[in-house]
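Enquirer:
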Amino acid sequence: MSLLFRYRSAWILFGILLIAASLRSPITALGPILEPMSQALALSPVAAGLLATLPLLAFAFLSPLSTPVAARLGIEPALLLALLLLVGGIGLRSVGDVPSLFVGTAVLGCGIALGNVLLPALLKLRYPNRIPLLTGAYAMIMGLSATLASWFIVPLNQALGWRGALLSLGLLPVLAVIVWALCLRGQCHDSAISRPAMVGRSQPVPALWRHPLAWQVALFMGFNSVVFHTTNTWLPALLTEQGFSLAQAGRLHGGLHLSGAIAGLLLVPLMRVGLSASTLAAAISLITLLGYVGLWAAPAQAPIWIGVFGAGSGLILTLALSFIALRANSPLQAVALSAMVQSCGYLMAAVGPVLFGGLFAWSGSWHALLPLWWGLLLCTALFGALAGRERTL
Numbered sequence: 001m002s003l004l005f006r007y008r009s010a011w012i013l014f015g016i017l018l019i020a021a022s023l024r025s026p027i028t029a030l031g032p033i034l035e036p037m038s039q040a041l042a043l044s045p046v047a048a049g050l051l052a053t054l055p056l057l058a059f060a061f062l063s064p065l066s067t068p069v070a071a072r073l074g075i076e077p078a079l080l081l082a083l084l085l086l087v088g089g090i091g092l093r094s095v096g097d098v099p100s101l102f103v104g105t106a107v108l109g110c111g112i113a114l115g116n117v118l119l120p121a122l123l124k125l126r127y128p129n130r131i132p133l134l135t136g137a138y139a140m141i142m143g144l145s146a147t148l149a150s151w152f153i154v155p156l157n158q159a160l161g162w163r164g165a166l167l168s169l170g171l172l173p174v175l176a177v178i179v180w181a182l183c184l185r186g187q188c189h190d191s192a193i194s195r196p197a198m199v200g201r202s203q204p205v206p207a208l209w210r211h212p213l214a215w216q217v218a219l220f221m222g223f224n225s226v227v228f229h230t231t232n233t234w235l236p237a238l239l240t241e242q243g244f245s246l247a248q249a250g251r252l253h254g255g256l257h258l259s260g261a262i263a264g265l266l267l268v269p270l271m272r273v274g275l276s277a278s279t280l281a282a283a284i285s286l287i288t289l290l291g292y293v294g295l296w297a298a299p300a301q302a303p304i305w306i307g308v309f310g311a312g313s314g315l316i317l318t319l320a321l322s323f324i325a326l327r328a329n330s331p332l333q334a335v336a337l338s339a340m341v342q343s344c345g346y347l348m349a350a351v352g353p354v355l356f357g358g359l360f361a362w363s364g365s366w367h368a369l370l371p372l373w374w375g376l377l378l379c380t381a382l383f384g385a386l387a388g389r390e391r392t393l
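In UniProt numbering, the protein residues as written are 1 to 393.
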């Protein structure tokens, strides 16, 4: 335990990165095995889309509760609660029957929702002068963990079955629980910083819902979330329709996350070249759009286009998370803004997988649906330009 006191800053950073590594792979890894799992359980495309949407609905409806939870428990203990929900949901989802699959997915979605909201606020709390750098670092870790999960979930499905494959995704969250619990037990956090009383003194939450800047950040993240989560869910199906094998689709799906993870490292250098955050947000959104146009016009070059829109989507996410901390004036306001942004953003995103699943059932072609992504990314560019202006709430 003395090592925790001696190297508490390193332990906290390690814990933050472990939490980040746990927050995306339990949902993104579902895509590559969604089709065989749906066949095993006789799920329709709409039901499969609803399964992929459940975590997004949890993000949307549970995010506003993060503010009172953080105010009551403190930001760091609330993160431990988020990890425990995540671990419990992964275990329940892996039981095997349809009700457990849906309930477990909803529970792990609640844990991820809480973690999603609190991580930007924790950076505002502990590292206010390193927000873009650390946001890029934890976004990169999120992307790398999602990449590895996408790459290995198909072989794990073949070796262990889909239940065992989904259960294996709990290894990192369990490790994160252990490390974060040790940090809290060893009092690696400053009591003056994590004290719930401090978190409760800030701008009232309702004021944010009337602030145009808050809505601009929310819609910037929201339109990108629709694109990313719909792509994450249905990209393997789109690729298999175009002649790729399921294993190839799984590797390309992993490439989507890998390109996004690597791109997260470029945020700080890009912000130093002299472009405003507003221009950067709009330009990245338009480059991402180019990837979807390429996939529609030249699907045989899918690896190139997936790299383009994966990198663009990863940069947009990193920018949006940075805007949450940069546009807030205090840790609680960062929690409140994060809750609003992620609630609105993921409520929008929740429509995507179900809507596209229904449109596919009607049209019979994933390829024909690609132009719908173009309009979503044009909206992303517009609100990115607005959210990137140097203003605070």
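Glycine included, every Cβ here is placed at the ideal spot set by N, Cα and C.
Apart from the five residues just before and just after Ala21, which ones in its own chain have a Cβ nearer than 8 Å to its Cβ?
Expert: Ile141, Met142, Leu144, Ser145, Leu172 and Ala176
Enquirer: Helix, strand or coil: how does DSSP classify Asn129 here?
Expert: coil
Enquirer: Nearest to Gly314 by CA position, among Ser285, Gly375 and Thr279, is which residue?
Expert: Ser285
Enquirer: Thr392 by DSSP, collapsed to three states: which one?
Expert: coil
Enquirer: Under three-state DSSP, which class holds Trp374?
Expert: The three-state reading of DSSP puts Trp374 in helix, counting H, G and I together.
Enquirer: Would you identify the three-state DSSP class for Arg210, choosing helix, strand or coil?
Expert: DSSP, read as helix, strand or coil, puts Arg210 in coil.
Enquirer: Look up Trp366 in the DSSP assignment and say whether it is helix, strand or coil.
Expert: coil
Enquirer: Excluding the five sequence neighbours on either side, which residues of its own chain have a C-beta within less than 7 Å of the C-beta of Leu359, listed in chain order?
Expert: Taken in chain order, the residues that qualify are Leu369.
Enquirer: Check whether the region 63–79 and the region 162–169 touch, using three or more Cβ-Cβ pairs below 8 Å as the test.
Expert: no
Enquirer: Would you call the region 39–54 in contact with the region 101–117, where contact means no fewer than 3 C-beta pairs closer than 8 Å?
Expert: yes
Enquirer: Let's test the definition: count the other Cβ atoms within 10 Å of the Cβ of Pro155 and tell me whether it reaches 16, buried, or not, exposed.
Expert: Label assigned to Pro155: exposed.
Enquirer: Only counting the same chain, and skipping five residues up and downstream in sequence, which positions put a Cβ closer than 6 Å to that of Val98?
Expert: Leu41
Enquirer: If you follow the alpha helix (DSSP H) that Glu308 is part of, which residue opens it and which one closes it?
Expert: The question names Glu, but residue 308 in the sequence shown is Val. Where Val308 is concerned, the enclosing alpha helix (DSSP H) stretches over Ala302 to Arg327.
Enquirer: Among His367, Leu235, Leu56 and Val87, which residue has its Cα nearest to the Cα of Ala297?
Expert: His367
Enquirer: Looking only at C-alpha atoms, which of Gly170, Ala58 and Leu184 sits nearest to Val78?
Expert: The residue asked about is misnamed: residue 78 is Ala in this sequence, not Val. The shortest Cα separation from Ala78 among Gly170, Ala58 and Leu184 belongs to Leu184.
Enquirer: Please state the DSSP three-state secondary structure of Gln242.
Expert: coil
Enquirer: Please classify Ile304 as buried or exposed, where buried requires at least 16 neighbouring CB atoms within 10 angstroms.
Expert: exposed
Enquirer: Classify Val107 as helix, strand or coil using the three-state DSSP reduction.
Expert: Secondary structure at Val107: helix, using DSSP grouped into helix, strand and coil.
Enquirer: Alpha carbon to alpha carbon, what distance is there between Val174 and Val87?
Expert: 6 Å
Enquirer: Use the C-beta contact count for Thr147: other C-beta atoms within 10 angstroms, 16 or more gives buried, fewer gives exposed.
Expert: buried
Enquirer: Suppose the cutoff is 6 Å on Cβ atoms and the five residues either side in sequence are ignored; what does the same chain contact list for Ser202 look like?
Expert: Since pLDDT at Ser202 reaches only 43, below the 50 mark, its modelled position is unreliable, and the value read off the structure follows with that caveat. Once the five neighbours on either side are set aside, the close Cβ partners of Ser202 are Ser330, Leu332 and Gln333.
Enquirer: How would you call Arg195, buried or exposed, if buried means at least 16 neighbouring beta carbons within 10 angstroms?
Expert: Confidence at Arg195 is low in this model, with a pLDDT of 45, below 50, so the placement of that residue should be treated as unreliable; the coordinate-derived value is given next. Burial call: exposed.
Enquirer: Quick one, are the C-beta atoms of Trp234 and Pro55 less than 9 Å apart?
Expert: no
Enquirer: Which full runs of the alpha helix (DSSP H) of 4+ residues lie inside the region 135–167, going along the chain?
Expert: none
Enquirer: Whose C-beta lies closer than 8 Å to the C-beta of Cys379 among residues of the same chain, with five residues either side of it excluded?
Expert: Result list for Cys379: Leu219 and Phe223, in chain order.
Enquirer: Assess contact between the region 61–68 and the region 242–249, defined as three or more Cβ pairs (one per stretch) separated by less than 8 Å. Is contact present?
Expert: Using a C-beta cut-off of 8 Å, the region 61–68 makes no contact with the region 242–249, since fewer than three inter-stretch Cβ pairs fall below that distance.
Enquirer: From the DSSP output, in three-state form, read off Val335 for me.
Expert: helix
Enquirer: Here's the rule: buried if 16 or more other CB atoms are within 10 angstroms of the residue's CB, otherwise exposed. What is Asn129?
Expert: exposed
Enquirer: Which residues in the same chain have their Cβ closer than 6 Å to the Cβ of Ile306, if we skip the five residues on either side of it in sequence?
Expert: Excluding positions up to five away in sequence, the list reads Leu252, Gly255 and Leu256.
Enquirer: Just verifying my parser: in three-state terms, what is the DSSP assignment at Ser94?
Expert: coil
Enquirer: Just verifying my parser: in three-state terms, what is the DSSP assignment at Leu41?
Expert: Note: Leu41 maps to helix in three-state DSSP.
Enquirer: When burial is assigned at 16 or more other CB atoms within 10 Å of the CB, is Gln342 buried or exposed?
Expert: buried
Enquirer: So what's residue 414 in DSSP terms, helix, strand or just coil?
Expert: Residue numbering for the chain in the displayed model covers 1 to 393; residue 414 lies beyond these limits and cannot be assessed.
Enquirer: Roughly how many angstroms lie between the CA atoms of Gly250 and Thr230, to the nearest whole one?
Expert: Near 16 Å, if we compare the C-alpha coordinates of Thr230 and Gly250.
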